[in-house]
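All remarks here apply to the structure that follows.
In UniProt numbering, the protein residues as written are 1 to 170.
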């Protein structure tokens with residue numbers, strides 16, 4: 001499986017990209033080009049820095065304060081194979097959870113015929129789905145930018161065969 005990622009960058013300790021202190025991986029490249037996107041510099045597929053998932057894993061496990069790892073972007077599902085590989089290793093060898101941000105909906109991802117997309121989805125604990133919509137922007141939401149974006153418990157959703165939402169705003 002592919003172990004190289006094209007990255008826009010990383011944030012080694014973030015409290016704004018999911019609950020707890022998180023290591024955030026921003027992938028380079030996004031097809032959505034949402035108006036008002038917080039990370040427009042990640043839209044082009046060219047550029048970025050190529051990093052190996054083993055190198056990222058070794059950097060992540062050095063920090064005992066981390067609660068999890070967040071995949072953001074750009075669009076993580078445009079590089080699903082290496083992210084799935086990293087997420088599997090994180091689940092197998094650490095206590096860290098994985099959050100993936102995506103402009104796609106959960107339902108769109110489930111309909112994909114790409115096995116790597118299903119692999120990344122299966123290794124994602126929490127999915128923040130949906131394109132950012134400027135007209136639905138709400139700065140009071142935790143970890144999301146617009147009201148159409150959902151927080152999904154992926155494991156429960158796959159097990160129950162229906163979308164199971166989490167509420168971080170309560």
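By construction, the Cβ of each residue, glycine as well, lies at the ideal position given by its N, Cα and C atoms. Just so you know, these numbers come straight off a predicted model, no measurement behind them.
Ends of the alpha helix (DSSP H) at residue i?
i: residue 89; result: 80-93
i: residue 57; result: 53-60
i: residue 4; result: Element bounds for residue 4: not the alpha helix (DSSP H) but the beta strand (DSSP E), 4-14.
i: residue 96; result: Run containing residue 96: none; DSSP gives neither H nor E here.
Under a Cβ-count criterion, where at least 16 other Cβ atoms within 10 Å of its own Cβ denotes burial, should residue i be classed as buried or exposed?
i: residue 75; result: buried
i: residue 33; result: exposed
i: residue 72; result: buried
i: residue 59; result: exposed
i: residue 29; result: buried
i: residue 31; result: exposed
i: residue 43; result: buried
i: residue 103; result: buried
i: residue 151; result: buried
Could you name the residues of the same chain whose beta carbon sits closer than 6 Å to that of residue i, not counting the 5 residues immediately before and after it, in chain order?
i: residue 147; result: 136 and 138
i: residue 164; result: 153, 156 and 157
Which residues in the same chain have their Cβ closer than 8 Å to the Cβ of residue i, if we skip the five residues on either side of it in sequence?
i: residue 84; result: 1, 116, 119, 120, 122 and 123
i: residue 61; result: 93 and 94
i: residue 17; result: 11, 24, 70, 72, 99, 101 and 143
i: residue 15; result: 21 and 22
Starting from residue i, follow the beta strand (DSSP E) in both directions and report where the run begins and ends.
i: residue 171; result: Because the chain in this structure spans residues 1 to 170, residue 171 falls outside the shown range and cannot be described.
i: residue 152; result: 150-153
i: residue 26; result: 22-27
i: residue 141; result: No beta strand (DSSP E) contains residue 141, which DSSP labels as neither H nor E.
i: residue 127; result: 126-129
i: residue 164; result: That residue, residue 164, is in no beta strand (DSSP E); it is neither H nor E in DSSP.
Return no unless some Cβ of chain D is closer than 8 Å to the Cβ of residue i.
i: residue 26; result: Absence of chain D from the displayed structure is noted, only one protein chain being present.
Got a sec? Which residues, its chain only, sit under 7 Å from residue i by beta carbon, not counting five neighbours each side?
i: residue 79; result: 5, 6 and 27
i: residue 125; result: 97, 98, 99, 154 and 155
i: residue 47; result: 28
Check whether the segment 133-141 touches the segment 95-103, taking contact to mean three or more Cβ pairs, one atom from each stretch, closer than 8 Å.
no
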